[in-house]
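The structure appears right after this line, and notes come after that.
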Amino acid sequence: MSLSQRKILIGITGGIAAYKVPELVRRLRDHGAEVQIVMTEAAQSFITTLTLQAVSGHPVHTSLLDPAAEAAMGHIELARWADLILVAPASADFMARLAHGHANDLLATLCVAARCPIAVAPAMNQAMWSAPATVANCQTLLQRGVYVWGPASGAQACGDVGAGRMLEPEQLLLAVRQHFQGVLPDQRLRAETFTDYTASLNASPLQLPSPLPQILRDQRVVITAGPTREAIDPVRFISNYSSGKMGFALADAAARSGAIVTLITGPVSLATPNQVTRIDVVSAQEMFDSARTACQDADLFIATAAVADYRPETTAGQKMKKQKGAPITLTLIENPDIVGTIAGDTQNAKRPFIVGFAAETQNVLQYARDKLVRKHLDMIVANDVSQTEIGFNSDDNAVTLVWAEGEKVLPRASKPTIALQIIEEVALRLAQKG
Ligand code: PMT
0 MSLSQRKILI GITGGIAAYK VPELVRRLRD HGAEVQIVMT EAAQSFITTL
50 TLQAVSGHPV HTSLLDPAAE AAMGHIELAR WADLILVAPA SADFMARLAH
100 GHANDLLATL CVAARCPIAV APAMNQAMWS APATVANCQT LLQRGVYVWG
150 PASGAQACGD VGAGRMLEPE QLLLAVRQHF QGVLPDQRLR AETFTDYTAS
200 LNASPLQLPS PLPQILRDQR VVITAGPTRE AIDPVRFISN YSSGKMGFAL
250 ADAAARSGAI VTLITGPVSL ATPNQVTRID VVSAQEMFDS ARTACQDADL
300 FIATAAVADY RPETTAGQKM KKQKGAPITL TLIENPDIVG TIAGDTQNAK
350 RPFIVGFAAE TQNVLQYARD KLVRKHLDMI VANDVSQTEI GFNSDDNAVT
400 LVWAEGEKVL PRASKPTIAL QIIEEVALRL AQKG
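Numbering (numbering that gives the first Met the number 0), first residue to last: 0 to 433.
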């Protein structure tokens, strides 16, 4: 869902989690939102106005009594401008001031003057979060209709472990998008639902407890993920650096969008996403056999796996012994092209919509366009794997979607975020296909 035309005012208060805000701003803007930033004095000890001005594209507002800033956009105008105020991180002190209606700095004043919804993303030490005063302030805010997003649990900057970590930027992005779509489970969290809400967030810190829009409801989706291993002998194999993260993120995004998902994966060490049927395979041939069977009955097939194009012609029955000083020659033979074969199967009247990936280190778009045609795909995800921060075995990715009539760049973001964007784009094309 696009956030274009949405005006979001981010309030930053003093907390170490302020370092995550530039990423949040970037992601909101990637989705089309206009973002302005207000910082408290304490926040400026953690992150600079310059950084935030650069990422938001607007001057940052810091002072209630700055005549220049007031002339540019007064606090009442800022309050009227916003469609949503998100205070992230929200410190214990700020939550206390908000609960008591203080108007002693720009951010607090704005919140008192605002008519739009206000959300807070608490971030503080776990003892402060569970302190009776904070609990009471939080309940007051909830009773007044303020959204409380998080906190999550985990290791804290101070060394403690417990509830009090700010939600990750991608979780906050999801909450904002769901807020504007009207699909948050409890838009106005009341005191009595608060405990359950935080408990469910803490139980699953990577996901919000709410469902995504059901854009793939009841669609049967098959996804391949991870590497394959091609055995040389009982203890050695040929493989690659795929971690499975991209494919697993796609399976999770598809399942949360209502699809019935089968995930066929090579050897990886990742937990199976909720509501996903997982089939473990090792070699390309095994992945081929499983994918062909699963795709007989699928609406959508996404081939994310990094499949070995070749395998040793023979696999030694016993561990190969070292031949001192003598080179060893391995003869490799071609593996089946899984996605190419399934996409080119003209006998299958119920051929699924097929999305491939193209992992390339040079001429990325050109090679991807060639593969789209050569492998008879409906869409291909061009993935530049020459950089270590994206692509293989990284947490982020940056890709270009290519199909016969168009292309779409998805700038660098976490793999779950990229996965959601791919699923949204694919769902759109599926719907257009009828
Ligand atoms: O797993 P991660 O660490 O998260 O990394 C993600 C990724 C980089 C592996 C992923 O984003 C990606 O780019 N996957 C495609 C990897 C690949 O093998 O690309 P390729 O250009 O060699 O293959 C093109 C397409 O054909 C792919 O959809 C591939 O799954 C498919 N293929 C390839 C060979 C083969 N024998 N059978 C296939 O189906």
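Ideal Cβ placement from N, Cα and C applies to all residues, glycine included.
Coarse secondary structure for residue i, derived from DSSP in three states
{"i": "A430", "result": "helix"}
{"i": "R143", "result": "coil"}
{"i": "F236", "result": "strand"}
{"i": "R79", "result": "helix"}
{"i": "K6", "result": "strand"}
{"i": "V329", "result": "Correcting the residue identity first, residue 329 is Leu in this sequence and not Val. L329: coil per DSSP, three-state reduction."}
{"i": "D279", "result": "strand"}
{"i": "H30", "result": "coil"}
{"i": "S152", "result": "strand"}
{"i": "A120", "result": "strand"}
{"i": "E312", "result": "coil"}
{"i": "Q317", "result": "coil"}
{"i": "Q218", "result": "coil"}
{"i": "Q138", "result": "helix"}
{"i": "T264", "result": "strand"}
{"i": "T12", "result": "coil"}
{"i": "G163", "result": "strand"}
{"i": "A17", "result": "helix"}
{"i": "L299", "result": "strand"}
{"i": "P168", "result": "helix"}
{"i": "H74", "result": "helix"}
{"i": "E40", "result": "coil"}
{"i": "V59", "result": "coil"}
{"i": "Q180", "result": "helix"}
{"i": "L64", "result": "coil"}
{"i": "P335", "result": "coil"}
Member of the options whose CA lies at the smallest distance from the CA of residue i
{"i": "M286", "options": "T313, T271, S44 and G265", "result": "G265"}
{"i": "V408", "options": "Q431, E388, A381 and S385", "result": "A381"}
{"i": "R143", "options": "A126, I237 and H99", "result": "H99"}
{"i": "Q170", "options": "D377, R26 and D279", "result": "R26"}
{"i": "A102", "options": "L64, C137 and M123", "result": "L64"}
{"i": "M378", "options": "S268, G390, I421 and P410", "result": "I421"}
{"i": "F93", "options": "L140, S256, V221 and I417", "result": "L140"}
{"i": "S289", "options": "I278, D296, V306 and P272", "result": "I278"}
{"i": "D216", "options": "A224, F236, A254 and I231", "result": "One point to set straight first is that residue 216 is Arg, not Asp, in the sequence displayed. Closest option to R216, Cα to Cα, is A254."}
{"i": "I11", "options": "M165, N124, N136 and I222", "result": "M165"}
{"i": "L106", "options": "V221, L85, R235 and G390", "result": "L85"}
{"i": "E423", "options": "V267, I341, Q213 and R219", "result": "Q213"}
{"i": "W402", "options": "D383, A418, T387 and L427", "result": "L427"}
{"i": "S62", "options": "Q52, E40, W80 and A81", "result": "E40"}
{"i": "R28", "options": "A418, P410 and L429", "result": "P410"}
{"i": "R235", "options": "I222, Q346, T292 and T314", "result": "T314"}
{"i": "A112", "options": "S129, A81, A430 and D336", "result": "A81"}
{"i": "L329", "options": "I231, E359 and G355", "result": "I231"}
{"i": "L77", "options": "P351, H60 and A122", "result": "H60"}
Buried versus exposed call for residue i [16 or more other C-beta atoms within 10 Å across all chains shown]
{"i": "R176", "result": "buried"}
{"i": "D104", "result": "buried"}
{"i": "N318", "result": "A small correction: the amino acid at residue 318 is Lys; Asn does not occupy that position in the sequence shown. It counts as exposed."}
{"i": "S44", "result": "exposed"}
{"i": "I75", "result": "exposed"}
{"i": "E229", "result": "buried"}
{"i": "K414", "result": "buried"}
{"i": "P435", "result": "Past the boundaries of the shown model lies residue 435; the chain is included only from 0 to 433, so the question cannot be answered."}
{"i": "V372", "result": "exposed"}
{"i": "C294", "result": "buried"}
{"i": "P131", "result": "exposed"}
{"i": "T303", "result": "buried"}
{"i": "E333", "result": "exposed"}
{"i": "A252", "result": "buried"}
{"i": "R96", "result": "buried"}
{"i": "S385", "result": "exposed"}
{"i": "E167", "result": "buried"}
{"i": "T465", "result": "Beyond the ends of the chain as shown, which are 0 and 433, falls residue 465; an answer cannot be given."}
{"i": "Y18", "result": "exposed"}
{"i": "T261", "result": "buried"}
{"i": "N136", "result": "buried"}
{"i": "V160", "result": "exposed"}
{"i": "C110", "result": "buried"}
{"i": "T416", "result": "buried"}
Residue-chain proximity (residue i, chain B), Cβ-Cβ < 8 Å
{"i": "L329", "result": "Reference to chain B is not applicable here, since this structure consists of a single protein chain."}
Per the contact definition of three or more C-beta pairs closer than 8 Å, is the region 313–330 in contact with the region 239–251?
no
Q. Below 8 Å, can you find three or more Cβ-Cβ pairs linking the region 110–120 to the region 151–161?
A. Not touching, per the Cβ criterion.
Notebook entry, point to check: Which full runs of the alpha helix (DSSP H) of 4+ residues lie inside the region 340–421, going along the chain?
Noted result: 363–373
*the region 0–7 / the region 28–35 touching (three or more Cβ pairs under 8 Å)*: yes
Checklist entry - Should the region 359–368 be called in touch with the region 299–319, which here means at least 3 C-beta pairs below 8 Å? => result no
| query | Are three or more beta carbon pairs between the region 389–397 and the region 5–20 nearer than 8 Å? | reply | no
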